[in-house]
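Written out below as structure tokens is the structure these notes cover.
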Amino acid sequence: MVKKGNIPELKLFSLNSNPTLSQRIADAVGMPLCGATVKHFSDGEIQVNIDHSVRGDDCFVIQSVADPVNENFMELMIMIDALRRASARTINVVLPYYGYSRADRKTRSREPITAKLVSNLIEMDGATRIVAVDLHADQIQGFFDIPVDHLQAIPLIATYFLKQNLGSGDDIVVVAPDHSTTKRARALGEYFGSPIAIVDKRDETDDTVDPMDIIGDVKDKTAIIVDDMIDTGTRMAASAYSLQAAGAKRIYAGITHAVFSAGAVDKLEAAPFEQIVFTDTIQLPEDKIRDRFVQLSVGPLIAQAIRMIYQNQSVDELYESREAEEMFMVNDLTRDTAKEQKDY
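Residue numbers (my numbering): 817 to 1160.
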């Protein structure tokens, strides 16, 4: 690539955690991914080689810190170091999924705050900006002393459900699976002009069914459970059973990060969901695909943020705009899509 004067070039790099999303981002930005070779040695060590000069350029590295979490995190750290030593002008770390984000405070004695440790390591390594999607807690932004652009998937999820013509107003109730998710439920409920309900389970491992767990009126309504992630699926499945027992007519789930560990897929498949809608911040392997799963792509949202950051424009409209339809690309996660991901 030939530089025009002293204007820094925009360069996109993908690591191994989610190459399908990285390609969608690159396609939406309208430029190819730059070449980088990531090699894993037999003893687990990682080597990164950047195939092009990045001197004086604005570089964006796309990597979800997802399973295998520690391996993907080390890939990211080594890539940041390589870019810094190659004299990149800026190193912008795009984290569609921020691993360790649930360890954001001390809840008992002698417990680490691992989300803060991760932020320290990324910043000390030389990153100059973070672009993240739906952090587990908003305060994680304050763990960094560099700029953080915190993108939200709620407009994307709302746009999808609005297209399904599920109803509006009192026909729909948006459900928080615990008290900490109430703010997210209210944000989604505003799109429908709908009330919210809360699942009042104090023990996350409790999978008993009790209609008294529900705070709010859900009888004969379409319920949409909203959360930032599904990990083991225990709480989400138990919430669906309790909603069913409380008289909910139809039950949907809208989440951002599909972690899907420890048998989550089987629990969700058995639960009374019409659909479980999630984004592609974490790449889903073929063996975790089910007919009732729908995947939405955050690629165009992240691509728009990258363009705005590169052009020194405000990203406020990405947080506030309700006109998400033109910005977002929706994909049904079928087995054909999964094969496409596998062959990528």
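Glycine included, every Cβ here is placed at the ideal spot set by N, Cα and C.
Opening and closing residue of the alpha helix (DSSP H) in which residue i lies
| i | result |
| --- | --- |
| V909 | Element bounds for V909: not the alpha helix (DSSP H) but the beta strand (DSSP E), T906 to L911. |
| Q968 | Element bounds for Q968: n/a, residue is neither H nor E. |
| G1115 | G1115 to Y1126 |
| A953 | From DSSP, A953 is part of no alpha helix (DSSP H); its letter is neither H nor E. |
| S1058 | T1050 to A1061 |
| K932 | T930 to D941 |
8 Å contact criterion, which residue i and residue j should meet: CB distance rounded
| i | j | result |
| --- | --- | --- |
| I894 | I862 | 5 Å |
| T1072 | D950 | 4 Å |
| V854 | N888 | Actually they are not in contact, since the Cβ atoms of V854 and N888 sit about 10 Å apart, beyond 8 Å. |
| A1121 | F1094 | Contact doesn't hold; Cβ gap of about 20 Å is too wide. |
| A842 | P1116 | Their Cβ separation, rounded to whole angstroms, is 11 Å, which puts A842 and P1116 out of contact at 8 Å. |
| D874 | A852 | The Cβ separation is near 16 Å, so there is no contact. |
| D1103 | K1065 | Actually they do not touch by this definition, with Cβ atoms about 32 Å apart. |
| A1069 | I1092 | 5 Å |
Collapsed DSSP secondary structure at residue i in the structure displayed
| i | result |
| --- | --- |
| S838 | helix |
| F1008 | helix |
| D843 | helix |
| S858 | coil |
| Q767 | Only positions 817 to 1160 of the chain appear in the structure, and residue 767 is not among them; the question remains open. |
| F889 | helix |
| A1069 | strand |
| K827 | strand |
| V1081 | helix |
| V991 | strand |
| A1074 | strand |
| I1014 | strand |
| L1134 | helix |
| F959 | helix |
| T997 | helix |
| T853 | strand |
| L978 | helix |
Per-residue burial, residue i [other beta carbons within 10 Å of its own, 16 or more giving buried]
| i | result |
| --- | --- |
| A1001 | buried |
| G1079 | exposed |
| A1086 | exposed |
| S830 | buried |
| R840 | buried |
Cα-Cα separation, residue i to residue j
| i | j | result |
| --- | --- | --- |
| M940 | I823 | 27 Å |
| I1041 | R924 | 29 Å |
| V763 | D965 | The chain is shown only over 817 to 1160; residue 763 falls outside these bounds and no answer can be derived. |
| K827 | S1055 | 43 Å |
| G1032 | A931 | 33 Å |
| I962 | T944 | 6 Å |
| Q968 | V934 | 21 Å |
| M1052 | F1076 | 11 Å |
| F857 | N908 | 27 Å |
| E1090 | L849 | 37 Å |
| R1106 | N834 | 19 Å |
| E1139 | P1088 | The pLDDT assigned to E1139 is 41, lower than 50, so where the model puts this residue is not dependable, and the model offers no usable value. |
| V991 | G860 | 43 Å |
| V1081 | D1047 | 10 Å |
| G915 | I896 | 17 Å |
| D1096 | D986 | 30 Å |
| T1153 | I956 | Residue confidence is low: T1153 scores 42 on pLDDT, short of 50, so the model does not pin down where it sits. Its coordinate-derived value is still stated next. Rounded to the nearest angstrom, the two C-alpha atoms are 33 Å apart. |
| S1010 | I973 | 15 Å |
| A902 | I1125 | 21 Å |
Run of the beta strand (DSSP E) containing residue i, from where it starts to where it stops
| i | result |
| --- | --- |
| F876 | D874 to I878 |
| A784 | Because the chain spans 817 through 1160 in this model, residue 784 falls outside it and cannot be assessed. |
| V1042 | T1038 to I1046 |
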